[in-house]
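> Please read through the structure below; I'll follow up with questions.
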Amino acid sequence: MSMTIRGIRISSMVRGIATGLISIFFLTCTTSEKATELHGEIRVTSKMIYPKYRLWTTPSNGEEPAFNSPSFEWPTTKKMTDYDVRLSSNKDFSTNLIEKKNIPFAIFNPHQKLDKGIWYWQHRESGKEWSVMDSFRITAATKEFTTPKLSKVLQNISTEHPRVFANKNDLAGLRARAKDYRETKAILDLANNLLSEIPPTEESGLPKHKGKNEYEDAMIAEQASKTLGRRVFSTLNTLSQAYILTGDIKYYGAAKKWMVEVADWDPNGITHLSNFGDSAIMTCLALAVDTFWDVLDEAVREKMIRQSSVRATNFYNLWIGKVESRSSSMHVWQHILHQMFQTSMALAGETTEADKWLEYIYEIWIAQFPKMAETDGAWFNGIGYFIMNTLTIYDMSSSFSDLTGVDFQWSDWFVNNPKWLLYAFPPNSVGDGFGNDGDKYWYPTIKYAGFMDTAARMLNDPYAAWYSKEVAKGLSQDISSESEFRWYRIQWANKNPRPKISEDFNFPQAAHFPDVGVSYMHTDIQSIENNLMLSATSSPFGSNGHKHAEQNNFNIAFGGKRLFYNSGYRPKMGDPHHQDWHKHTRGHNGILIDGKGQPFDAGAYGWMPRFLHGKQISYAVGDASNAYSASDGVSIDLGMKRFRRHYLMLRPSIIVIYDELEADHAAEWTWLLHNDKGLEIDSNKKTITAENEYANALVSLYSSTDIDFNVTDTFSIPAKNWNRKVDQAGNIIDFVDQWHFTGITKEKTDKMRYLAIFQVKPKAGDSVCEEVIFDETTNTYSIAGWNIKAEMNVAKAAKIEISDRLGTASFISSGVLEFDGKKYKGKVSGSSKLVEIIEGQKVLQEKVDEVPAEIQKVMMND
């Protein structure tokens with residue numbers, strides 16, 4: 043779709059994959075912000091966007107909730123507290139009153155559609171004073187998501203067993219349908235190999251080696267406990283699934299040995315040390331009870347129910363009043379919530395506690411999914427930890443949809459999510475590198491293919507189907523070899539055909555996901571061997587959870603391999619090297635102020651205000667002005683006033699990064715860059731040379747104040763693999779040193795600019811990196827057919843202009859854009875503008891700062 047304005051074709055913008063449309067957005071600003079508004083910038087000054095623990099009510103201040111019936115949430119005061127809630131369409135609560143008392147957690151879902159208009163609500167600790175009145179508005183456009191009450195859900199759970207891996211009345215149909223599935227053969231092959239397997243003893247969960255201190259000993263013991271729990275889980279689930287598929291009693295005979303052994307273990311003993319191992323045993327025992335109900339000895343069945351119930355009750359008591367108020371309880375949302383759900387379903391009606399477990403799970407899922415995301419499809423903990431959430435996401439949403447008759451995959455997040463993964467972690471390529479385990483995989487494993495196959499079938503998404511096919515082809519594996527989603531495919535996904543894959547996909551080569559704060563630019567995402575990939579992040583979530591202190595940081599890959607990437611290792615959370623290098627800003631391609639990086643705090647956040655994508659030029663802006671202070675867990679202020687980083691990709695081989703920095707004092711500034719294989723510097727030419735397996739790179743680094751060029755091949759905090767972490771191939775990782783560049787100001791200054799011009803050329807062929815030519819008379823840097831002008835005088839407003847010598851593309855970060863003899867002032871003087879000639883027409887794009895919805899809400903509350 044396109045439209046013409048004064049003879050210039052303006053291309054439209056598709057959500058999540060921007061290709062244009064003039065989009066001028068302004069928030070309601072205070073008087074002091076009006077001047078900023080005039081040149082297209084918006085300054086976000088909120089202390090934090092996603093506090094570690096909830097600080098405010100939702101919905102509030104007259105906002106429109108995400109859906110109708112809305113969910114109500116408030117800060118918790120203490121654990122094990124009951125609450126009352128009331129809401130009405132009248133301030134005196136005399137009309138359309140909805141209320142509930144003695145709620146055991148800080149969430150209320152009314153489970154009914156509300157009329158359009160303004161609504162008022164309050165909460166309190168049961169029997170005490172009501173909170174200040176809050177309000178929200180329901181409009182005709184508010185998405186409808188009205189779920190039934192828990193009592194209806196409980197009624198819909200079958201009274202017969204099995205009911206989780208399959209419903210008893212569906213067994214015949216499932217067996218007939220799955221008979222020829224490759225997944226069925228894979229499960230039966232595994233189960234047959236387990237028939238003579240001897241169950242482990244409880245003591246086998248004790249550690250086999252020790253660390254050098256109490257912390258390492260505790261982590262090693264936890265790992266041993268998790269390994270045992272997951273072995274039991276894998277074995278019992280495989281035998282249970284084989285029995286569901288065949289009804290063959292031999293699988294019960296093999297499983298019984300394990301059930302009898304594990305049912306006698308201490309649920310608060312060795313296998314309680316790891317919450318993952320603990321939950322694995324909890325759920326596989328419950329699922330085995332459900333699966334083998336008709337053939338189990340009653341005494342063994344009761345012991346298994348008690349064993350599973352003790353573990354489930356431990357989790358429930360630990361969570362209630364706490365998990366709902368946390369912005370990210372990672373282990374809960376990765377696996378354990380799903381396992382608690384399966385346990386609750388298996389034991390409903392068999393233990394009285396199962397109903398309250400399910401109540402908490404049901405209500406928190408409605409209120410908070412997607413827990414670590416918004417609507418743009420990205421996942422704030424990054425690609426490495428995202429894959430740990432995928433089965434939970436799909437199995438729980440499908441199960442709730444089946445139980446309630448309501449679509450639990452209603453959120454735009456589902457539709458946009460495969461697009462994010464495609465850009466963040468392309469087939470046969472390294473991923474974006476952000477967060478813990480963002481650098482774990484050399485390329486997507488079959489788990490990613492299995493997930494995207496599921497997404498393709500459930501969402502009818504051909505792009506997800508393409509991704510899954512390309513990953514599996516690159517690995518020379520079949521989707522059925524992927525184990526985590528194997529049963530989900532049998533139970534749900536394989537009912538739907540895989541979408542047809544077009545022979546000629548036309549992917550935009552860049553994408554922007556502002557809710558989570560990531561942007562991606564590629565040159566050829568469909569041909570990874572030729573692809574130059576730039577990933578940039580500045581996240582409103584800060585360094586919560588598995589995120590790093592990496593706001594306004596970037597990674598660059600070529601040919602699917604790391605080129606300039608974050609550095610260091612993570613033996614375990616809390617390890618000194620991980621904390622002070624790998625997670626710290628110094629381990630990333632970022633900025634230090636006075637030698638210090640961003641605090642580990644929800645208040646140390648960033649955001650990405652602008653994004654433009656054209657055929658030759660892509661552009662994004664990150665803002666990390668708030669990332670060097672903290673106010674959630676600790677109070678820190680390093681004095682950063684402004685940090686806007688401009689990213690440009692000039693296809694096919696140039697990346698430009700332009701930094702504008704300002705402090706409230708004369709500061710020492712450090713520009714960071716890392717490489718795995720080696721770095722060479724030439725301070726006279728202002729260059730840094732590097733390579734990866736497939737490309738040579740030359741970085742020309744300029745600055746407003748003289749800097750020292752320094753390089754080292756040693757971590758300042760040593761890295762030791764004491765936890766025996768393994769790589770993608772299962773080999774113990776050798777934590778080798780990597781290479782690190784610092785560009786440090788020779789004199790302290792309150793304002794600073796850096797300009798980095800990256801050339802990345804493939805080693806194949808005769809292409810070589812060129813010398814950047816600087817023309818002092820025009821203040822122009824020329825390279826590979828591009829002219830670059832960047833304002834390096836800190837006394838003047840920051841600005842960068844780029845044009846190609848052929849006269850087919852021109853860009854300016856703010857101000858008037860001159861192109862082909864014409865001046866383009868735009869609707870806002872400070873907007874970024876891009877003009878390209880595409881198919882003989884001039885295509886103009888204009889963009890000012892756009893604030894993500896969640897940040898808008900917080901700003902309104904400030």
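The sequence shown begins at 43 in the numbering used here and counts up by one. Just so it is clear, CB atoms sit at the ideal spot from N, CA and C, and this is done for glycine as well.
Bridge partners of residue 257, per DSSP?
Position 215 of the sequence shown, counted from the first residue, corresponds to residue 257. Partner(s): none; residue 257 has no beta bridge.
> For residue 675, which residues from the same chain have a beta carbon less than 7 Å from its beta carbon, with the 5 sequence-adjacent residues on both sides left out?
Here residue 675 is taken as the residue at index 633 of the sequence shown, counted from 1. Correct list, in chain order: 94 and 643.
> Thinking just about the alpha-carbon of each residue, which of 272, 244 and 221 is nearest to the one in residue 533?
What you label residue 533 is simply residue 491 of the sequence shown in a count that begins at 1. Closest option to residue 533, Cα to Cα, is 221.
> Compare the Cα-Cα distances from residue 171 to each of 185, 555, 126 and 689 and report the closest residue.
On the sequence shown, position 129 is the one that residue 171 refers to. The option with the nearest alpha carbon to residue 171 is 126.
> When the Cβ atoms of the stretch 774-787 are set against those of the stretch 705-717, are three or more pairs found closer than 8 Å?
With the cut-off at 8 Å, the stretch 774-787 and the stretch 705-717 touch.
> As an exercise, report each continuous alpha helix (DSSP H) stretch of at least 4 residues that is fully enclosed by the stretch 446-513, in chain order.
List check, alpha helix (DSSP H) in window: 454-466 and 488-501.
> For residue 895, which residues from the same chain have a beta carbon less than 6 Å from its beta carbon, with the 5 sequence-adjacent residues on both sides left out?
For the purposes of this step, residue 895 is taken as the residue at position 853 of the sequence shown. No residues qualify anywhere along the chain.
> Would residue 55 be called buried (16 or more neighbouring beta carbons within 10 Å of its own) or exposed?
Position 13 of the sequence shown, counted from the start, is the residue given in the question as residue 55. Annotation note: pLDDT 32 at residue 55 (below 50); position unreliable, no value reported.
> How is residue 345 classed by DSSP in three states: helix, strand or coil?
Position 303 of the sequence shown, counted from the first residue, corresponds to residue 345. Residue 345: helix per DSSP, three-state reduction.
> Just grab the DSSP bridge partners of residue 596 for me.
For this step, residue 596 is matched to residue 554 along the sequence shown. Its beta-bridge partners are 578.
> Relative to the alpha-carbon of residue 640, which residue among 722, 594 and 370 has its alpha-carbon at the smallest distance?
Taking the sequence shown and counting its residues from 1, one reaches residue 640 at position 598. Among 722, 594 and 370, the Cα nearest to that of residue 640 belongs to 594.
> So, with DSSP's three-state summary, where would you put residue 322?
Position 280 of the sequence shown, counted from the first residue, corresponds to residue 322. Helix, per DSSP.
> Alpha helix (DSSP H) containing residue 528: first to last residue?
On the sequence shown, residue 528 is found 486 positions in, with the first residue counted as 1. Per DSSP, residue 528 belongs to the alpha helix (DSSP H) from 528-533.
> With a threshold of 16 other CB atoms inside 10 Å of the CB of residue 893, please say whether the residue is buried or exposed.
In the sequence shown, residue 893 corresponds to position 851, counting from 1. Classification of residue 893: buried, given that the 10 Å Cβ count is 16 or more.
> Compare the C-alpha of residue 495 against each of 475, 473, 466 and 526 and name the closest.
Position 453 of the sequence shown, counting from 1, holds the residue named residue 495. Selected option, being the one with the closest Cα: 526.
> Using the rule of at least 16 other Cβ atoms within 10 Å of the residue's Cβ for burial, across every protein chain shown, is residue 707 buried or exposed?
Position 665 of the sequence shown, counted from the first residue, corresponds to residue 707. Exposed, since its Cβ has fewer than 16 Cβ neighbours within 10 Å.
> If we ignore side chains and look at the alpha-carbon of each, how far apart do residue 685 and residue 705 end up?
Here residue 685 is taken as the residue at index 643 of the sequence shown, counted from 1. Here residue 705 is taken as the residue at index 663 of the sequence shown, counted from 1. If I take the Cα positions, the gap works out to 9 Å.
> State the CB to CB distance for the pair residue 283 and residue 328, rounded to an integer number of angstroms; the pair is presumed to be in contact (CB under 8 Å).
Position 241 of the sequence shown, counted from the start, is the residue given in the question as residue 283. Position 286 of the sequence shown, counted from the start, is the residue given in the question as residue 328. Not a contact, Cβ separation roughly 14 Å.
> Would the beta-carbon of residue 158 fall within 8 Å of that of residue 182?
Taking the sequence shown and counting its residues from 1, one reaches residue 158 at position 116. Taking the sequence shown and counting its residues from 1, one reaches residue 182 at position 140. In contact: residue 158 and residue 182 (Cβ atoms closer than 8 Å).
> Mind reading off the beta-carbon distance from residue 216 to residue 312? Whole number of angstroms is fine, and I expect it under 8 Å.
The residue you call residue 216 lines up with position 174 of the sequence shown. The residue you call residue 312 lines up with position 270 of the sequence shown. About 36 Å separates the two Cβ atoms, so there is no contact after all.
> Measuring CB to CB, does residue 797 end up less than 8 Å from residue 753?
Here the question's residue 797 lines up with position 755 in the sequence shown. Here the question's residue 753 lines up with position 711 in the sequence shown. Against a cut-off of 8 Å, the Cβ pair of residue 753 and residue 797 comes out as no contact.
> I need the boundaries of the alpha helix (DSSP H) containing residue 428, first residue and last residue.
Taking the first residue of the sequence shown as position 1, residue 428 is located at position 386. Its alpha helix (DSSP H) spans residues 424-428.
> Note down the Cα distance separating residue 581 from residue 687, rounded to an integer number of angstroms.
Counted from its first residue, the sequence shown places residue 581 at position 539. Counted from its first residue, the sequence shown places residue 687 at position 645. Their backbone Cα atoms lie some 13 Å apart in a straight line.
> Using DSSP's beta-bridge definition, name the partner residues of residue 652.
The residue labelled residue 652 in the question sits at position 610 within the sequence shown. BP columns for residue 652 point to 663.
> Beta carbon of residue 153, beta carbon of residue 191: below 8 Å?
Translated into positions along the sequence shown, residue 153 becomes position 111. Translated into positions along the sequence shown, residue 191 becomes position 149. Yes, the pair counts as a contact, with Cβ atoms nearer than the cut-off.
> For residue 109 and residue 185, which I take to be in contact (beta-carbon distance under 8 Å), what is that distance rounded to the nearest angstrom?
On the sequence shown, residue 109 is found 67 positions in, with the first residue counted as 1. On the sequence shown, residue 185 is found 143 positions in, with the first residue counted as 1. About 5 Å separates the two Cβ atoms, so the contact holds.
> Distance check for residue 429 and residue 810, CA to CA, integer angstroms please.
Reading the sequence shown from its first residue, position 768 is the one you call residue 810. Reading the sequence shown from its first residue, position 387 is the one you call residue 429. Answer to the nearest angstrom: the Cα atoms are 38 Å apart.
> Contact check, residue 406 vs residue 149 under 8 Å by CB: the rounded distance?
As a first step, residue 406 is located in the sequence shown; it is residue number 364 there, counting from the start. As a first step, residue 149 is located in the sequence shown; it is residue number 107 there, counting from the start. At roughly 6 Å, the Cβ-Cβ gap stays under 8 Å, so residue 406 and residue 149 are in contact.
> Of all the options 658, 474 and 741, which has the alpha carbon lying nearest to the alpha carbon of residue 847?
The sequence position of residue 847 within the sequence shown is 805, counting from 1. Among 658, 474 and 741, the Cα nearest to that of residue 847 belongs to 658.
> Alpha carbon to alpha carbon, how far is residue 661 from residue 742? Give it in angstroms, no decimals.
Translated into positions along the sequence shown, residue 742 becomes position 700. Translated into positions along the sequence shown, residue 661 becomes position 619. One C-alpha to the other measures close to 19 Å.
> Taking only the alpha-carbon atoms, compute the straight-line gap between residue 71 and residue 670 and give it to the nearest angstrom.
Translated into the one-based positions of the sequence shown, residue 71 becomes position 29. Translated into the one-based positions of the sequence shown, residue 670 becomes position 628. Low confidence applies to residue 71: its pLDDT is 39, below 50, so where it sits in the model is not reliable, and the reading given next is rough at best. Approximately 24 Å between the Cα atoms of the pair.
> Pick from 174, 271 and 230: whose alpha carbon is nearest that of residue 243?
Walking along the sequence shown from the start, residue 243 turns up at place 201. Among 174, 271 and 230, the Cα nearest to that of residue 243 is on 271.
> Would you call the CB atoms of residue 250 and residue 319 closer than 8 Å?
For the purposes of this step, residue 250 is taken as the residue at position 208 of the sequence shown. For the purposes of this step, residue 319 is taken as the residue at position 277 of the sequence shown. No.
> Can you give me the C-alpha to C-alpha distance between residue 884 and residue 863, rounded to a whole angstrom?
If you number the sequence shown from 1, residue 884 lands on position 842. If you number the sequence shown from 1, residue 863 lands on position 821. Cα to Cα, residue 884 sits roughly 13 Å from residue 863.
> Just the C-alpha distance for residue 827 and residue 516, rounded to the nearest angstrom, thanks.
Numbered from 1 along the sequence shown, position 785 holds the residue referred to as residue 827. Numbered from 1 along the sequence shown, position 474 holds the residue referred to as residue 516. Rounded to the nearest angstrom, the two C-alpha atoms are 35 Å apart.
> Report whether the distance from the Cβ of residue 755 to the nearest heavy atom of the ligand SAH is below 7 Å.
Judged by which ligands are present, the structure shown has none, so any question about the ligand SAH falls away.
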